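Here is the structure we will look at, set down as structure tokens.
Right, here's the structure in full:
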């Protein structure tokens, strides 16, 4: 599935069965992000499929 | 797993493991802010509250919630102050967002600029002074917010500081052995009261940054702009990353830091209250810890360049 990572501004293509597994695969601390699946905020146990469009939003602010 | 309250699709999981849908999460968030406000009596009848609005998510969330309470209670005044530091390519975007938000909420917005009040934009100051941009910006922002709020007869300034900000400050002060700075923290800033120094209140004190961001996202309070180009988090950034790692491995770490700190804070405040009286700058008469305040010292330096 296509994943946009806000913090790096990069798009990546990754396979993962759930949001939690996706963050683990990308080595992203879940405390620091929100995950949006097809335009909706989702929790870590949300299931993912190949067609999903994912945005990983950073929650840590500038200063 | 479904929403704890209404069994719809969840959008957020709390540290406790409880899940909430969009509506129930927003309700939980607002309830927690109101609880903090009640517990510390942050807003009292007749208060005139100035919200320090940057257009960023934290201050936008704060203003949105306070505006909701203001419309219900009507027994206090509410307005917002935005400091335009003069950061090319950044501030105009956040200012526009803040202006639109205030218009939508029916809150009066006052904008004060570095250029107009001090004679220089932050961009100009950064080129002239041999100091970090965040030090310069922080000094003048605090100075202008205090003087402007006082001019507008506010008796409290509300800041969007959240639990993450506070936990970082607590740990930073601990690592630097700076109890005097720690004593100034808390839901209501400061140690001693004086009419010239407007108390700062932090209604989002017990809300995590992740919760605040989720609320902002769910309620259309995140603008389409990047963070400040001067952002540098050398020391705070390291503490923030460390706390986030701990929070992930040991959920509740940040809440634990706040809880332990709040328990000892009255002792700290009492201890530092016994020290010297609040000093006032010999030049501008604003509160300071030394003979001359940092803002006046920086302005002197700027004039010499």
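Residue numbers (this note's numbering), protein chains in the order written: chain A, 1 to 63; chain B, 1 to 305. Just so it is clear, CB atoms sit at the ideal spot from N, CA and C, and this is done for glycine as well. Here the structure is a predicted model, which means the values were calculated and not measured.
Within 10 angstroms of its Cβ, does residue i collect 16 or more other Cβ (buried), or is it exposed?
i                      : result
residue 215 of chain B : buried
residue 6 of chain B   : exposed
residue 39 of chain B  : exposed
residue 120 of chain B : buried
residue 226 of chain B : exposed
residue 287 of chain B : buried
residue 49 of chain B  : buried
residue 264 of chain B : exposed
residue 165 of chain B : buried
residue 72 of chain B  : exposed
residue 240 of chain B : buried
residue 2 of chain B   : exposed
In whole angstroms, what is the alpha-carbon distance linking residue i and residue j?
i                      : j                      : result
residue 140 of chain B : residue 41 of chain B  : 29 angstroms
residue 175 of chain B : residue 188 of chain B : 22 angstroms
residue 44 of chain B  : residue 269 of chain B : 22 angstroms
residue 145 of chain B : residue 78 of chain B  : 15 angstroms
residue 20 of chain A  : residue 236 of chain B : 27 angstroms
residue 130 of chain B : residue 47 of chain B  : 40 angstroms
residue 136 of chain B : residue 124 of chain B : 11 angstroms
residue 10 of chain A  : residue 127 of chain B : 32 angstroms
residue 43 of chain A  : residue 35 of chain A  : 7 angstroms
residue 29 of chain A  : residue 112 of chain B : 38 angstroms
residue 47 of chain A  : residue 15 of chain A  : 12 angstroms
residue 229 of chain B : residue 76 of chain B  : 36 angstroms
residue 30 of chain B  : residue 304 of chain B : 49 angstroms
residue 63 of chain A  : residue 7 of chain A   : Any reading at residue 63 of chain A is ruled out, since the residue's pLDDT is 42, under 50, leaving its predicted position unreliable.
residue 290 of chain B : residue 83 of chain B  : 25 angstroms
residue 55 of chain B  : residue 91 of chain B  : 9 angstroms
residue 221 of chain B : residue 299 of chain B : 35 angstroms
residue 59 of chain B  : residue 104 of chain B : 15 angstroms
residue 8 of chain B   : residue 18 of chain B  : 13 angstroms
residue 59 of chain A  : residue 192 of chain B : 34 angstroms
residue 179 of chain B : residue 258 of chain B : 15 angstroms
Out of the options, state which residue places its alpha-carbon closest to the alpha-carbon of residue i.
i                      : options                       : result
residue 106 of chain B : B:114, B:183, B:66 and B:132  : B:66
residue 218 of chain B : B:16, B:183 and B:64          : B:64
residue 147 of chain B : B:163, B:81 and B:160         : B:81
residue 26 of chain B  : B:262, B:273 and B:62         : B:62
residue 114 of chain B : B:98, B:12, B:104 and B:143   : B:143
residue 292 of chain B : B:301, B:302 and B:280        : B:280
residue 40 of chain A  : B:55, B:257 and B:11          : B:11
residue 278 of chain B : B:212, B:257, B:256 and B:198 : B:198
Would you grab the beta carbon distance between residue i and residue j for me? Rounded to a whole angstrom, and I think it's under 8 angstroms.
i                      : j                      : result
residue 157 of chain B : residue 196 of chain B : Incorrect: roughly 13 angstroms between the Cβ atoms, too far for contact.
residue 53 of chain B  : residue 118 of chain B : About 20 angstroms separates the two Cβ atoms, so there is no contact after all.
residue 243 of chain B : residue 167 of chain B : 6 angstroms
residue 35 of chain B  : residue 20 of chain B  : Incorrect: roughly 16 angstroms between the Cβ atoms, too far for contact.
residue 202 of chain B : residue 159 of chain B : 5 angstroms
residue 161 of chain B : residue 205 of chain B : 7 angstroms
residue 52 of chain A  : residue 18 of chain A  : About 11 angstroms; that fails the 8 angstroms criterion.
residue 13 of chain A  : residue 2 of chain A   : 6 angstroms
How is the alpha helix (DSSP H) around residue i delimited, first residue to last?
i                      : result
residue 24 of chain A  : 19-25
residue 222 of chain B : From DSSP, residue 222 of chain B is part of no alpha helix (DSSP H); its letter is neither H nor E.
residue 121 of chain B : Looking at the DSSP string, residue 121 of chain B is not in any alpha helix (DSSP H), and its letter there is neither H nor E.
residue 147 of chain B : 133-151
residue 34 of chain B  : 22-39
How far does the beta strand (DSSP E) with residue i in it reach, from first residue to last?
i                      : result
residue 16 of chain B  : From DSSP, residue 16 of chain B is part of no beta strand (DSSP E); its letter is neither H nor E.
residue 183 of chain B : Element bounds for residue 183 of chain B: n/a, residue is neither H nor E.
residue 79 of chain B  : 77-84
residue 108 of chain B : 108-113
residue 13 of chain A  : 10-13
Is residue i near the ligand MN, with its Cβ less than 7 angstroms from a heavy atom?
i                      : result
residue 101 of chain B : Ligands are entirely absent from the displayed structure, and the ligand MN is therefore not among its contents.
Measure from the C-beta of residue i to each C-beta in chain D and report whether the shortest distance is under 8 angstroms.
i                    : result
residue 8 of chain A : Protein chains in the displayed structure are A and B, and chain D is not among them.
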